[in-house]
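Participant: Handing you this structure, nothing more for now.
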Amino acid sequence: MKKQNKQIGNLGESLAAKYLEEQGYTILERNWGNKWGEIDIICQYHPGGDMHNLSGVIVFVEVKTKTGAAFGAPTTMVNPRKLFQIQRLASVFPAGINQPKRIDVIAIVLTRERKLQSLNHYQAVY
Amino acid sequence: MLTKINSVAHLGLLSTKVTVEVDVAAQGFPAFNIVGLPSKAVEEARERVKTAIVNSGFTFPDKRLTVNLAPADFVKDGSCYDLPIAVGILLASGAFVAKTDLSNALFYGELSLNGEVRHSRGVLLVAIFALKEGFREVYIPAESQREAQVVSQVKSRPVSTLLSLVNYFEGKARLLSQKTALPRVENTGGVLPDFGEIVGQLAAKRALTIAASGGHNLIMTGPPGSGKTLLARALPSILPPLTIEEALEVTQIYSASGFLRPGEGLVRIRPFRAPHHSTSLAGLIGGGSRVKAGEISLAHQGVLFLDEMAEFARSLLEALRQPLEDGVVAISRAAGRVEYPARFMLVASVNPCPCGYLNHPKKSCHCSIREIDRYRRRLSGPILDRIDLHLFVPYLEAEKLTATSPAAESSAVIRQRVVNARKIQLSRLKPYRMYTNAQMQNKQVRQFCALDPESNRLLRLAVDRHALSPRSYFRILKVARTIADLEGALNIKINHLAEALEYRSRAF
């Protein structure tokens, strides 16, 4: 079961990364972290799609993936404690000290066949 | 989308408008927050409202919800905001469209998890507030509708479930009042003792009749088992029914305190409260962090019976002094200042000494003079000075108990006399918004208790001889007035005054 959850999580994170790239974000790190925990995706948004413009906001993304709706929506599984953990990690992220930062949540629901059912991107949740 | 729903907050018997603002944000991480100084009970409304909405067959919006209870500067307490919050969420999320204007309506009620609206305390106050502030309708729990109907000028909309309310707003169904079969329960929780069953004690019965007629305070002294408690317990059977004005005052207190059962409207039975002597100051006078009404306010327009008065803590009895005089008690707490009416008739019973057999014809008293002295000091002068009728309830001889004496007067007969005396008082005092002789201020006493020269001489003699306080002076006149009213006499005559003076001589 645990193994399965991990698989689903990884699948969700890949889907989220793909989605972010489509939206014009550059992925900086995946599963970056230390003993405090892990941030699923760290990415940067480039204004106007200009890859050389480095003034864009750095986004720390928590991805939450669920199969089916039996245990409630994925958004209910992200609580203030988790967000605080991400905030603490984000505060020690070395790159882009002068850039604005943001914490996002991507909530993914998969079907039983592990096909994408819905993907919601919530910006600036903290 | 943002919606505003009107609701009401109570502090004591005073109400304030609370605007429940609900915002369902188009963006943002899903959350459900309540701001505007909610108490723990209101905080918990989140879970109740969420579950009630889902169980009523609606979808709870997966969006960022913010509920604001304005004005935000005082603590909102109680579960009555469930209904306005739920209605606000359903409106703001577009679950239904109201065809009527809701800015002229008040919403009030607690939700249960299955979407039913539960009986909530303070519904009468909501209706009164609506009338005062010009709200046309109140949406209240169907179980509490009888309370709201007391204020007939305001349309009361009985809400039994959240779903029925939405159906009503969409024009699909009408709101139905709930017919709750009210079990007929006497307010003492049993059959009242009748004066007709009490053998002898004619003097005590007479004094109780006078007290009941004029609303005067009374204290009974006597050996254990002489019938003090029984006489007091029978007192409600001769009390006159509440007038509409009195009933409205009493019902407000009971509604705010949550003592009205589902389906109950106006309180019709005169209150009779008999707190145990272990009661706390907040329990007797009122108070606590939520500033609740105490026993003295629950006994408003009725009887506060203190059995074994000398056993009550000294501080409790002294705290009675101010409300006994003013008929209102002001309680200041962190939550605010609250005034509760407390115009009650004090009926007390005490033993003459710690062992109880002082001056007993057959038994001897074992108490030392010091013990008796200490016992008597438990009731202070200022308290006894406020009691109009001092009464000794003697030990009853065995032959009187067994003898087939002619049946005593039944409560119904005595009650009729009391009702007649009250009618006379009411017609005289109505312009001053008073109901009984005991409520008269010195000004009214001077106006309505004029004495003939002979009576005047007697009263002066008594005041001189017993060094009666000016307060006692006025209280004697009020009792004399009641005795005259019982007889239907226009003016106080010397025999009325003499009887009033008789009751003033302290038995304790």
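Chains C and H, in that order, give the protein sequences. Mapping the first sequence onto this note's numbering, position 10 (from 1) lands on 933, and the numbers just tick up by one. Mapping the second sequence onto this note's numbering, position 257 (from 1) lands on 267, and the numbers just tick up by one. Just so you know, even glycine gets a beta-carbon here, dropped at the ideal spot from N, CA and C. If you're wondering where the values come from, they're calculated on a predicted model, not measured in any experiment.
Between H:PRO364, H:LEU270, H:SER374, which has its C-alpha nearest ARG380 (chain H)'s C-alpha?
Facilitator: The shortest Cα separation from ARG380 (chain H) among H:PRO364, H:LEU270, H:SER374 belongs to H:PRO364.
Participant: For the alpha helix (DSSP H) that PHE458 (chain H) lies in, which residues bound it at each end?
Facilitator: Taken as a continuous stretch (DSSP letters only), the alpha helix (DSSP H) holding PHE458 (chain H) covers 452-458.
Participant: Residues of chain C with a CB under 7 Å from the CB of PRO40 (chain H): which are they?
Facilitator: Correct list: THR998.
Participant: Measure the alpha-carbon distance for LEU270 (chain H) versus ALA257 (chain H) and round it to whole angstroms.
Facilitator: Approximately 13 Å, taken between the alpha carbons.
Participant: Can you name the residues of chain C whose CB is closer than 8 Å to the CB of ASP72 (chain H)?
Facilitator: Ordered by position in chain C, the residues that pass the 8 Å Cβ test against ASP72 (chain H) are ALA996, THR998.
Participant: Please identify the residue among H:ALA345, H:THR239, H:GLU409 whose C-alpha is closest to the C-alpha of LEU21 (chain H).
Facilitator: Ranking H:ALA345, H:THR239, H:GLU409 by Cα distance to LEU21 (chain H) puts H:ALA345 first.
Participant: Suppose you measure from the CA of ALA19 (chain H) to the CA of TYR442 (chain H); what does that come to, to the nearest Å?
Facilitator: Taking the straight line joining both Cα atoms gives about 31 Å.
Participant: Between which two residues does the alpha helix (DSSP H) harbouring SER325 (chain H) extend?
Facilitator: Segment 324-329, the alpha helix (DSSP H) holding SER325 (chain H).
Participant: Between which residues of its own chain and MET319 (chain H) is the CB-CB distance below 6 Å, once the five residues before and five after are set aside?
Facilitator: So the list reads ALA358, VAL360, once near-sequence residues are dropped.
Participant: Residues in the same chain with beta-carbon distance under 6 Å from ASN197 (chain H), minus the five sequence neighbours each way, listed in chain order, please.
Facilitator: Legend: pLDDT at ASN197 (chain H) = 47, less than 50; position of this residue unreliable, value from coordinates given subsequently. Taken in chain order, the residues that qualify are ILE279.
Participant: List, in order along the chain, the chain H residues whose C-beta lies closer than 9 Å to that of VAL1028 (chain C)?
Facilitator: Those are PHE39, listed as they occur along chain H.
Participant: Using a beta-carbon distance below 9 Å, is ALA1047 (chain C) in contact with chain H?
Facilitator: True, the Cβ-Cβ gap to chain H drops below 9 Å.
Participant: Can you find a C-beta in chain H that's less than 9 Å from the C-beta of VAL1001 (chain C)?
Facilitator: Yes, VAL1001 (chain C) counts as interfacial toward chain H.
Participant: Measuring CB to CB, does GLY125 (chain H) end up less than 9 Å from ILE150 (chain H)?
Facilitator: Not closer than 9 Å, so no.
Participant: What does the alpha-carbon distance come out to for the pair PRO48 (chain H) and PRO71 (chain H)?
Facilitator: About 22 Å.
Participant: How big is the Cα-Cα spacing for ARG396 (chain H) and GLU54 (chain H)?
Facilitator: Computed Cα separation, rounded: 47 Å.
Participant: Around the C-beta of ASP462 (chain H), are 16 or more other C-beta atoms found within 10 angstroms, so that it is buried, or is it exposed?
Facilitator: Flag for ASP462 (chain H) reads exposed.
Participant: Does DSSP classify ASN114 (chain H) as helix, strand or coil?
Facilitator: In this structure, ASN114 (chain H) counts as coil in the three-state DSSP scheme.
Participant: If you follow the alpha helix (DSSP H) that ALA476 (chain H) is part of, which residue opens it and which one closes it?
Facilitator: It should be noted that the sequence gives His, not Ala, for residue 476 (chain H). Note, HIS476 (chain H): alpha helix (DSSP H), 463-476.
Participant: From C:ILE1029, C:GLY932, C:THR949, C:VAL1015, pick the residue whose C-alpha is nearest to that of LYS958 (chain C); which is it?
Facilitator: Per the Cα distances, C:VAL1015.
Participant: Tell me which same chain residues have a C-beta within less than 7 Å of the C-beta of PRO997 (chain C), skipping the five on either side of it?
Facilitator: Cβ within range, chain order: LYS987, THR988, LYS989, ALA1030, ILE1031, VAL1032.
Participant: Identify whether GLY273 (chain H) lies in helix, strand or coil by the three-state DSSP scheme.
Facilitator: Reduced to three states, the DSSP call for GLY273 (chain H) is coil.
Participant: If contact is defined by three or more beta carbon pairs under 8 Å, each pair taking one atom from either stretch, is the stretch 202-222 of chain H in contact with the stretch 492-500 of chain H?
Facilitator: Enough Cβ pairs lie closer than 8 Å, so yes.
Participant: In the structure shown, what three-state DSSP assignment does PHE39 (chain H) receive?
Facilitator: In this structure, PHE39 (chain H) counts as coil in the three-state DSSP scheme.
Participant: With DSSP as the reference, label GLY956 (chain C) as helix, strand or coil.
Facilitator: Three-state DSSP puts GLY956 (chain C) in a strand.
Participant: With DSSP run on the structure shown, which of helix, strand or coil describes ASN16 (chain H)?
Facilitator: If DSSP states are grouped into helix, strand and coil, ASN16 (chain H) belongs with the strands.
Participant: Please name the residue, chosen from H:SER166, H:ILE306, H:TYR350, H:ARG283, that lies closest to LEU291 (chain H) on a Cα-to-Cα basis.
Facilitator: Minimum Cα distance to LEU291 (chain H) is reached at H:ILE306.
Participant: Give me, in chain order, the residues of the same chain whose beta-carbon lies closer than 6 Å to that of SER236 (chain H); leave out the 5 immediate sequence neighbours on both sides.
Facilitator: Taken in chain order, the residues that qualify are VAL403, TYR405.
Participant: Would you mind listing the alpha helix (DSSP H) stretches within the stretch 199-277 of chain H that are 4+ residues and don't spill past its ends, in chain order?
Facilitator: For the stretch 199-277 of chain H, whole alpha helix (DSSP H) runs of length 4 or above, ordered along the chain, are 212-224, 238-244, 254-267.
Participant: What does the alpha-carbon distance come out to for the pair GLN435 (chain H) and GLN454 (chain H)?
Facilitator: Their Cα atoms are separated by approximately 12 Å.
Participant: By the DSSP assignment, the beta strand (DSSP E) with PHE512 (chain H) in it spans what residues?
Facilitator: Checking the sequence, you will find Glu at residue 512 (chain H) rather than Phe. Counting along the chain, GLU512 (chain H) falls outside any beta strand (DSSP E), though it belongs to the alpha helix (DSSP H) covering 504-514.
Participant: Since ARG343 (chain H) sits in a beta bridge, which residues does DSSP pair it with?
Facilitator: Answer by DSSP bridge pairing, in chain order: H:GLY346.
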